[in-house]
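Trainee: Attaching a single structure in structure tokens format; questions to follow.
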Amino acid sequence: MKIAIASDENGLQLKNHLKAHLEKQGYDVSDATSNQSLDLFDAATEVAKVISNKEADRAIMIDEYGVGSSIVANKYKGIICANVADEHSAEMTVRHNSTKIITLGSGIVGNKLAEKICEAFIKADYDGGRHQIRVDMVNKMC
Amino acid sequence: MKIAIASDENGLQLKNHLKAHLEKQGYDVSDATSNQSLDLFDAATEVAKVISNKEADRAIMIDEYGVGSSIVANKYKGIICANVADEHSAEMTVRHNSTKIITLGSGIVGNKLAEKICEAFIKADYDGGRHQIRVDMVNKMC
Amino acid sequence: MKISIGCDHIVTDLKNHLVDYLTDKGHEVIDNGTYDNERTHYPIYGKKTAEKVSSGEADLGIVVCGTGVGISVSANKVKGIRAALVRDIETARYAKKQLNANVLAMGGRITGAGVIEETIDTFLETKYEETEESKKLIEKIESIPMNEELIGDEQYFDEFIEKWNNGGYPAN
Amino acid sequence: MKISIGCDHIVTDLKNHLVDYLTDKGHEVIDNGTYDNERTHYPIYGKKTAEKVSSGEADLGIVVCGTGVGISVSANKVKGIRAALVRDIETARYAKKQLNANVLAMGGRITGAGVIEETIDTFLETKYEETEESKKLIEKIESIPMNEELIGDEQYFDEFIEKWNNGGYPAN
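Chains as they are written, first to last, in this note's numbering: chain F, 1 to 142; chain S, 1 to 142; chain V, 1 to 172; chain W, 1 to 172.
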């Protein structure tokens with residue numbers, strides 16, 4: 001599984017922490033905003049592109065609150081992105097919504113919690129089944 | 001109002017951040033673990049002492065998860081301490097439980113959320129009324 | 001204020017509670033459903049709730065489902081909607097103040113009713129404070145091309161519902 | 001496992017749901033009440049629930065109230081109890097693994113049922129992993145002098161209840 005990670009300036013420290021943490025666990029993590037100073041709009045747009053183009057299977061985007069990036073990413077057709085601050089949401093949104101991008105707020109979640117959210121997100125698989133009608137509906141929109 | 005703040009080594013960075021933030025807002029904040037490298041037991045014990053001796057009106061204690069410090073502080077007679085990770089709990093526990101100490105986990109809450117939790121905790125007042133019977137019961141224990 | 005509200009069948013009780021909570025506070029509430037616990041699909045209610053806000057019929061929207069994700073993503077895919085999915089009061093405050101978010105989303109299986117109530121209070125009370133930065137960000141969001149055909153189209157999801165009714169999706 | 005559970009009147013429905021949830025998973029549950037929504041006092045149920053754990057009658061305890069604070073503080077004031085008040089799964093995991101916490105506390109007005117269920121699952125599944133550091137910390141906690149008279153004393157709060165019944169506390 002290929003994981004993309006990205007951030008604006010506010011999320012830079014947490015991004016680097018999570019990239020190192022996930023790599024230590026053996027995941028293939030590429031930085032979609034390395035050596036760039038993007039605002040949250042441009043960083044979230046980059047992440048949406050990486051997922052749309054199937055350059056990564058999952059993506060994690062960090063700004064100060066997470067919520068701005070999720071609004072941006074969800075404006076792109078075919079993108080289902082969740083701003084999460086807990087492990088249970090991270091798992092359930094993959095299982096039920098087929099979410100491929102999560103956003104995190106560096107001002108909201110601490111390092112340990114962020115690590116566990118990312119692990120739960122990456123380990124989860126989409127359940128399919130009855131959930132597919134909702135995913136089809138969302139993907140017809142915008 | 002006098003506010004005491006304390007931490008073990010894991011909570012040091014967030015402690016310093018919150019001390020500066022609260023001082024900028026005009027609060028009188030004293031560091032109960034300055035220049036000391038205490039474990040969470042000794043730091044939480046120090047905080048319980050500061051509150052028992054009325055050297056401060058409220059106290060904030062930070063370790064990596066918050067939960068260890070709150071277990072320690074609540075072992076002392078007359079102490080009511082809450083491990084919190086959200087603003088609403090920080091307010092309600094003062095209003096209903098007459099809580100004078102909160103603990104925070106530096107690995108769980110981000111800086112912005114921690115700031116708001118501390119502000120909600122400091123601004124709240126105890127409601128009294130029917131809540132006093134429960135506070136009397138707790139204070140008879142241990 | 002005039003509040004447009006919607007939910008899926010997992011959290012209908014919570015939505016009904018919030019309708020009462022808002023009405024008691026003097027707000028006018030448009031309840032877009034769902035109205036019972038029969039299995040249905042969150043995009044229907046996310047879209048309906050959001051359209052009342054984008055048209056100006058309601059001032060703000062509130063959407064809830066299990067995690068808040070499905071219904072907030074659906075609301076966000078309506079042009080003009082900035083749907084903030086939050087788990088804490090401070091993120092809701094920020095989303096209103098700096099992003100002028102017009103729909104608030106929370107997960108009824110994630111967040112308790114006390115936090116949800118205070119988050120709604122904070123979201124309604126907080127004023128948008130326009131800055132050069134926030135203005136530019138919102139303009140950038142508005143510039144993303146959006147399908148406007150879906151707005152007001154109550155048959156938009158019919159193809160999927162027909163397939164569902166004909167057993168075209170697994171029931172598990 | 002044998003689980004001791006308790007709540008106050010604010011979250012009786014949640015507690016009843018958790019009793020069913022745990023029973024369905026094959027656990028044996030001791031339900032210490034409260035059993036309805038009549039106004040009562042969390043220390044009664046925090047103490048009762050904790051005593052079943054400290055005596056060894058139950059393996060672990062679970063306590064819930066509005067924020068989780070009142071009932072967890074009450075449980076924690078029983079000798080031998082390490083009551084972990086948490087709002088997230090990871091803190092529960094840590095509290096079991098590194099502090100050998102034996103009571104888990106959550107707030108029903110703070111946290112949603114989905115997160116509460118998964119937090120309980122994680123708390124029950126996680127094993128304590130003793131280290132020199134954790135052993136020393138738990139010994140230090142055990143060394144704090146505690147009043148043991150209260151254990152098993154069902155009349156311990158009678159003076160306050162009598163005062164309450166005689167109108168000695170305000171009703172508001």
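Ideal Cβ placement from N, Cα and C applies to all residues, glycine included.
Rounding to the nearest angstrom, what Cα-Cα distance links Ile5(V) and Glu57(V) in this structure?
Mentor: 12 Å
Trainee: Suppose the cutoff is 7 Å on Cβ atoms and the five residues either side in sequence are ignored; what does the same chain contact list for Glu87(F) look like?
Mentor: Lys116, Ile117 and Ala120
Trainee: Are any of the Cβ atoms in chain W nearer than 9 Å to that of Glu9(F)?
Mentor: With a threshold of 9 Å between beta carbons, Glu9(F) makes no contact with chain W.
Trainee: Give the residues from the segment 76-89 of chain W that approach chain C closer than 9 Å (Cβ to any Cβ), ordered along the chain.
Mentor: Here the protein chains are F, S, V and W, and chain C is not one of them.
Trainee: What residues are listed by DSSP as bridge partners for Lys2(V)?
Mentor: Glu28(V)
Trainee: Shortest alpha-carbon distance to Asp28(F) belongs to which of Val72(F), Ser106(F), Ile60(F) and Lys2(F)?
Mentor: Lys2(F)
Trainee: Given that Thr111(V) touches chain W, what residues does it touch there, using C-beta distances under 9 Å?
Mentor: Chain order gives the chain W residues near Thr111(V) as Ile110, Thr111, Gly112 and Val115, where near means a beta carbon separation below 9 Å.
Trainee: For Gly72(S), which residues in chain W fall below 9 Å Cβ to Cβ?
Mentor: Correcting the residue type first, residue 72(S) is Val in the shown sequence and not Gly. What Val72(S) touches in chain W: Leu137, Lys140, Ile141 and Ile144.
Trainee: Just confirm the distance between the C-beta atoms of Ile101(S) and Ala73(S), as a whole number of angstroms; I'd bet it's less than 8 Å.
Mentor: Right, their Cβ atoms sit about 5 Å apart.
Trainee: Quick one: measure Cβ to Cβ for Glu51(V) and Val78(V), integer angstroms, because I've assumed they're closer than 8 Å.
Mentor: 6 Å
Trainee: Return the residue from the list Gly66(V), Glu142(V), Tyr35(V) and Glu159(V) that minimises the CA-CA distance to Ala82(F).
Mentor: Gly66(V)
Trainee: Under DSSP, the beta strand (DSSP E) around Val103(W) begins and ends at which residues?
Mentor: Val103 to Gly107
Trainee: Closer than 7 Å by C-beta to Thr34(W): which residues in its own chain qualify, once you throw out the five before and the five after it? Chain order, please.
Mentor: Cys7, Asp8, His9, Thr12, Thr40 and Tyr45
Trainee: Compute the Euclidean distance between the alpha carbons of Arg95(F) and Asp127(F), then round it to the nearest angstrom.
Mentor: So the alpha carbons of these two residues sit roughly 5 Å apart.
Trainee: Rounding to the nearest angstrom, what Cα-Cα distance links Asn166(W) and Asp36(W) in this structure?
Mentor: 22 Å
Trainee: Closest by CA to Lys163(W), which one among Asp136(S), Leu40(S) and Ser7(S)?
Mentor: Asp136(S)
Trainee: Whose C-alpha, out of Leu104(S), Ser70(S), Ser98(S) and Lys75(S), is nearest the C-alpha of Ala85(S)?
Mentor: Leu104(S)
Trainee: Answer yes or no: do Ser52(F) and Ile79(F) have a C-beta to C-beta separation smaller than 9 Å?
Mentor: For Ser52(F) and Ile79(F), yes; Cβs fall inside 9 Å.
Trainee: Looking only at its chain, what residues have a beta carbon closer than 6 Å to the beta carbon of Ala44(F), apart from the 5 residues adjacent to it on each side?
Mentor: Met61, Ser69, Val72 and Ala73
Trainee: Is it buried or exposed for Met146(W), if we count other Cβ within 10 angstroms and need 16 for buried?
Mentor: With 16 or more other Cβ atoms within 10 Å, it is buried.
Trainee: Looking only at C-alpha atoms, which of Thr119(V), Glu148(V) and His27(V) sits nearest to Val64(V)?
Mentor: Thr119(V)
Trainee: Could you name the residues of the same chain whose beta carbon sits closer than 7 Å to that of Leu85(W), not counting the 5 residues immediately before and after it, in chain order?
Mentor: Hits under 7 Å: Gly68, Val69, Ser72 and Ala105.
Trainee: Against chain F, with Cβ distances strictly below 9 Å, would Asn32(V) count as a contact?
Mentor: no
Trainee: Of the residues Lys97(W), Lys2(W) and Glu159(W), which one's Cα is nearest the Cα of Thr49(W)?
Mentor: Lys2(W)
Trainee: Check whether chain V comes within 9 Å of Glu64(F), counting only Cβ atoms and requiring the distance to be less than that.
Mentor: yes
Trainee: Under the three-state reduction of DSSP, which class applies to Asn165(V): helix, strand or coil?
Mentor: helix
Trainee: Between which residues of its own chain and Gly152(V) is the CB-CB distance below 7 Å, once the five residues before and five after are set aside?
Mentor: Same-chain partners within the cutoff: Glu51.
Trainee: Could you tell me whether the Cβ atoms of Ile110(V) and Arg87(V) are closer together than 9 Å?
Mentor: yes
Trainee: Applying the criterion that 16 or more other CB atoms from any shown protein chain within 10 Å of the CB defines a buried residue, is Glu154(V) buried or exposed?
Mentor: Glu154(V) comes out exposed.
Trainee: Using a Cβ-Cβ distance under 9 Å, would Glu125(V) count as near chain S?
Mentor: no
Trainee: Within this structure, are the beta carbons of Ile81(W) and Asn100(W) separated by less than 9 Å?
Mentor: Cβ atoms of Ile81(W) and Asn100(W): not closer than 9 Å.
Trainee: Find the residues of chain F that neighbour Glu173(W), judging by a C-beta separation of less than 7 Å, and give them in chain order.
Mentor: The structure shown does not extend to residue 173(W), since chain W is modelled only from 1 through 172, so no value can be given for it.
Trainee: What alpha helix (DSSP H) runs, 4 residues minimum, are completely inside the segment 73-102 of chain F?
Mentor: 87-97
Trainee: Indicate the three-state DSSP secondary structure (helix, strand or coil) for Cys142(F) in the structure shown.
Mentor: coil
Trainee: Return the bridge partner residues of Cys261(W) from the DSSP annotation.
Mentor: The requested residue 261(W) is not part of the displayed model; chain W covers only 1 to 172.
Trainee: Using the three-state DSSP reduction, which class does Met137(F) fall into: helix, strand or coil?
Mentor: helix
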